[in-house]
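Residue numbers (my numbering): 7 to 663. Idealized CB from N, CA, C, for every residue including glycine. Only one structure is covered here, and it is reproduced in the block below.
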Amino acid sequence: MGQTLTEKILDDHLVEGELTPGEEIGIEIDQVLTQDTTGTLVWLQFEALGLEEVQTELAAQYCDHQTYQFDFKNTDDHRFLRSAAGTFGAHFSRPGNGICHNVHKENFAAPGKTMLGSDSHTPTPGGLGELAIGSGGLDVAVAMGGGAYYIDMPEVVNVRLEGELPDWATAKDVILELLRRLSVKGGVGKVLEYTGPGVETLTVPERTTITNMGTELGATSSIFPTDEQTEDYLERLGREDEFVEIGPDEDAEYDDEIVVDLSDLEPLIAEPSMPDNVVPVSEVEGVDVEQVIIGSCTNGAYEDILPSAKMLEGRNIDKKTEMIVAPGSKQASEMLARQGWTAEMMAAGVNFSEATCGACIGIGHVPASDSVSLRTFNRNFEGRSGIEDDNVYLCSPEVATAAALKGEIVDPRNLADDLGDLEAPGLEMPEEYIGNSESDLIAPDEAVDDDLIKGPNIGDVPLKDPLEAEVGGEALLKMADNITTDHIIPATQDILMYRSNVPKLSEFTLSRVDDTFAERALESDGGVLVAGENYGQGSSREHAALCPMYLGIESVLAQSFARIHKANLFNFGIVPLEIDEETYEKIEQGDDVEIVDDVAEAVRSGQEAFTIRVNDDWEATAALDASDREREILAAGGKLPHTKAQHEEGGAAPADD
7 MGQTLTEKIL
17 DDHLVEGELT
27 PGEEIGIEID
37 QVLTQDTTGT
47 LVWLQFEALG
57 LEEVQTELAA
67 QYCDHQTYQF
77 DFKNTDDHRF
87 LRSAAGTFGA
97 HFSRPGNGIC
107 HNVHKENFAA
117 PGKTMLGSDS
127 HTPTPGGLGE
137 LAIGSGGLDV
147 AVAMGGGAYY
157 IDMPEVVNVR
167 LEGELPDWAT
177 AKDVILELLR
187 RLSVKGGVGK
197 VLEYTGPGVE
207 TLTVPERTTI
217 TNMGTELGAT
227 SSIFPTDEQT
237 EDYLERLGRE
247 DEFVEIGPDE
257 DAEYDDEIVV
267 DLSDLEPLIA
277 EPSMPDNVVP
287 VSEVEGVDVE
297 QVIIGSCTNG
307 AYEDILPSAK
317 MLEGRNIDKK
327 TEMIVAPGSK
337 QASEMLARQG
347 WTAEMMAAGV
357 NFSEATCGAC
367 IGIGHVPASD
377 SVSLRTFNRN
387 FEGRSGIEDD
397 NVYLCSPEVA
407 TAAALKGEIV
417 DPRNLADDLG
427 DLEAPGLEMP
437 EEYIGNSESD
447 LIAPDEAVDD
457 DLIKGPNIGD
467 VPLKDPLEAE
477 VGGEALLKMA
487 DNITTDHIIP
497 ATQDILMYRS
507 NVPKLSEFTL
517 SRVDDTFAER
527 ALESDGGVLV
537 AGENYGQGSS
547 REHAALCPMY
557 LGIESVLAQS
567 FARIHKANLF
577 NFGIVPLEID
587 EETYEKIEQG
597 DDVEIVDDVA
607 EAVRSGQEAF
617 TIRVNDDWEA
627 TAALDASDRE
637 REILAAGGKL
647 PHTKAQHEEG
657 GAAPADD
């Protein structure tokens, strides 16, 4: 039996386990990536582990979220990150150089490599044949130190592409179609591997749009084979020597198959407030639009912005609509400027932003009250834009530009009268990529710092004591389905500046669900959280586990967990227990919930079923789905104390096995 592309790469990097779906495997990591909102903890944890030098082939630290530096705390974080990269041996990308996924794609992503990143959209380079996985920062720190990354072997799903995209349909519509079919939970525990004759019709920038938003399906990763399109893209970047032809065997067997006929697609749009709330644009035409933003790591490349520029050439955006372009990288900005397209778009009424994640997480360009914002981003979770009651739609650059021209949602196929003889602009590749992003990349041998520089807002990483026999307490908060990490720890600029200061950051924990939670948690003697399905979806931010741990949360009882967040709960010593719907419905906020078993002993012994007792009145069963390694980590109080103890005992880089 032949292997899938995913299995081939995993097999080449396998250090422990077997490639059987659901079984835990350990893999060697070639590249790591982190950014400024997660990176400070990554490097503080790297330091706490007693490590002195990066052990992976490449490590890259980007500053892309807090680039506006509203406060000295932001700037201090960036200075600390530069000093950490210089001290430990990583590339450093300066603020303003662009979003980590875009800059990494331009400079470092390579076929056949494995990458781990402390950002949930790390799978973006899958469009280049790199198997990239998002994780919590502590997992990245351990991998940088030479340790294996452990994960349950995912199912590999064949997404077979047929046909070719028609006019005005784009790569964004491919992934929106999959979200419409599968939902935000449809990819959990899976790698989506794209095959079929439709693959060769898509350029690498189109492929990376698809792999980027595979994260919204909950997928572990997404990947394309390499071919002439891949080789051509790397040549245009001047990196042709990194091309490797890789793909699945002809007789590869997949766990499932999804067929998408590209020829059948039409412009789609995700309505508020979930990426899978997808309908044809034609069904929502006529909705007034006050704000349009083109950009983000999903659609911020040169190739994404150029069609919009062509649509705007010689025209003006609607008087009641504001349009912003936020390029994904400085390279994209420079190329558009050198070719005159920046001036053309400005003349049409467009404002240009620095190359930053910014608006995607509510930092800048926050929508007005009771208004509609069309964005080419990857997420439209409620409140993520910076205002609680937002109305954010997700769409392609072409659909966004059409709305800017008309002041309302409109199917671009109905703009013939407005666009004259302009046909669907489509995606156009430049002859070569000429932006000088390297001027803002500092290589390890060019480091300007060799000691860590910590400002007053940068604190230590809190540690949890080993797991005790008694676990439980008051059900401090009961939550619904699909609680995101944005709900748990918001990422707006007034909160984000405290990512290096856990005691202060913890004051905002779950404030978007209940603004009294943090205070009540601190006053209580421990406690638990109760949630519905898919708890912790969204960002990889480990603060969503670290802050509840700091506040005394001992366990989370949920109907199901998002992959990265569940791993983060283990990493910070919080017991993640799965409950059924009946138990979830019966537990009330304020109930006293105790785990009857000797939890520390039960975790170590491999016990899967636990008994919970509520108000000394009734009992139910909860399940702990964990590998032996995860149980050891949980019993130790988290991955940091567990790995540090192993490192100190063994005197070597942390293998975490």
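Closest to residue i by C-alpha separation, out of the options, would be which residue?
| i | options | result |
| --- | --- | --- |
| Q595 | T649, L630 and F523 | F523 |
| E206 | L16, L268 and G151 | L268 |
| D423 | M317, L55, A564 and K111 | M317 |
| Q72 | G45, S89 and A408 | G45 |
| E272 | Y260, D324 and I181 | I181 |
| Y439 | L55, E241 and S546 | E241 |
| V165 | N540, E199 and G538 | E199 |
| L55 | M150, M351, L64 and T128 | M150 |
| V398 | D417, R419, L428 and I367 | I367 |
| I264 | E168, M219, P647 and L473 | E168 |
| G32 | E22, T26 and T40 | E22 |
| S517 | E259, E63, G8 and T491 | T491 |
| F114 | E24, A90 and L39 | L39 |
| L502 | Q9, Q41, V250 and N488 | Q41 |
| Q67 | A90, G346 and S314 | A90 |
Going straight from the alpha carbon of residue i to that of residue j, what length do you get?
| i | j | result |
| --- | --- | --- |
| S530 | I415 | 49 angstroms |
| F98 | S561 | 37 angstroms |
| E222 | P281 | 7 angstroms |
| R85 | D270 | 50 angstroms |
| T498 | P203 | 42 angstroms |
| I459 | I448 | 17 angstroms |
| L312 | S359 | 16 angstroms |
| E34 | A116 | 16 angstroms |
| E248 | P131 | 14 angstroms |
| T327 | G244 | 39 angstroms |
| H19 | L630 | 28 angstroms |
| E404 | W174 | 7 angstroms |
| G657 | K111 | Any reading at G657 must be qualified, since the residue scores a pLDDT of 49, below 50, and its modelled position is unreliable; the value itself is stated next. Near 35 angstroms, if we compare the C-alpha coordinates of K111 and G657. |
| A651 | S512 | 26 angstroms |
| S279 | N386 | 5 angstroms |
| E340 | Y74 | 19 angstroms |
| L640 | V609 | 8 angstroms |
| D395 | S375 | 8 angstroms |
| A354 | T232 | 38 angstroms |
| E417 | A408 | This sequence places Asp at residue 417; Glu is not what is there. Near 7 angstroms, if we compare the C-alpha coordinates of A408 and D417. |
| F578 | D179 | 38 angstroms |
| I601 | G389 | 34 angstroms |
Could you name the residues of the same chain whose beta carbon sits closer than 8 angstroms to that of residue i, not counting the 5 residues immediately before and after it, in chain order?
| i | result |
| --- | --- |
| Y239 | L134, T209, V210, P211 and M435 |
| T515 | I494, I495, F523, A524, A527, C553, P554 and L557 |
| D603 | Q613, F616 and T617 |
| S379 | V295, E296, Q297, V298, I299, P373, S391, D396, N397, V398 and Y399 |
| E183 | V266, L271, L274 and V284 |
Can you give me the Cβ contacts of residue i inside the same chain, cut-off strictly under 6 angstroms, excluding the 5 residues immediately before and after it?
| i | result |
| --- | --- |
| D662 | Since pLDDT at D662 reaches only 43, below the 50 mark, its modelled position is unreliable, and the value read off the structure follows with that caveat. For D662, where only same-chain residues beyond five positions count, the Cβ hits under 6 angstroms are V148, G153 and T649. |
| G292 | E414 |
| V536 | A481, K484, L563 and I593 |
| I105 | D70, C303, G334 and C363 |
| E625 | T617 and R619 |
| S228 | P129, G132, L198, T217 and G220 |
| N80 | Q72 and M503 |
Write down the C-beta distance between residue i and residue j rounded to the nearest angstrom, noting that I regard them as a contact closer than 8 angstroms.
| i | j | result |
| --- | --- | --- |
| G102 | K336 | 6 angstroms |
| I15 | T120 | 6 angstroms |
| I275 | V287 | 5 angstroms |
| V298 | A406 | 5 angstroms |
| D158 | E29 | 7 angstroms |
| P27 | D261 | 6 angstroms |
| L137 | T12 | 7 angstroms |
Taking residue i as part of the beta strand (DSSP E), name the residues at either end of that continuous run.
| i | result |
| --- | --- |
| M705 | Residue 705 falls outside the range modelled here, since the chain spans only 7 to 663, and no answer is possible. |
| L664 | Since the first residue shown for the chain is 7 and the last is 663, residue 664 is missing from the structure and cannot be characterised. |
| S339 | First-last for S339: K336 to R344, but that is the alpha helix (DSSP H), not the beta strand (DSSP E). |
| G45 | Looking at the DSSP string, G45 is not in any beta strand (DSSP E); the run it does join, the alpha helix (DSSP H), is D42 to A54. |
| R619 | A615 to V620 |
Could you spell out the range, first to last residue, of the alpha helix (DSSP H) harbouring residue i?
| i | result |
| --- | --- |
| H571 | R569 to N577 |
| L144 | G143 to M150 |
| E591 | E587 to K592 |
| R390 | From DSSP, R390 is part of no alpha helix (DSSP H); its letter is neither H nor E. |
| S89 | F78 to F94 |
CB-CB under 7 angstroms to residue i, same chain, minus the five flanking residues each way: which ones, in chain order?
| i | result |
| --- | --- |
| K412 | D324 |
| D82 | G461, N463 and I464 |
| I570 | S126, G140, S141, G142 and S546 |
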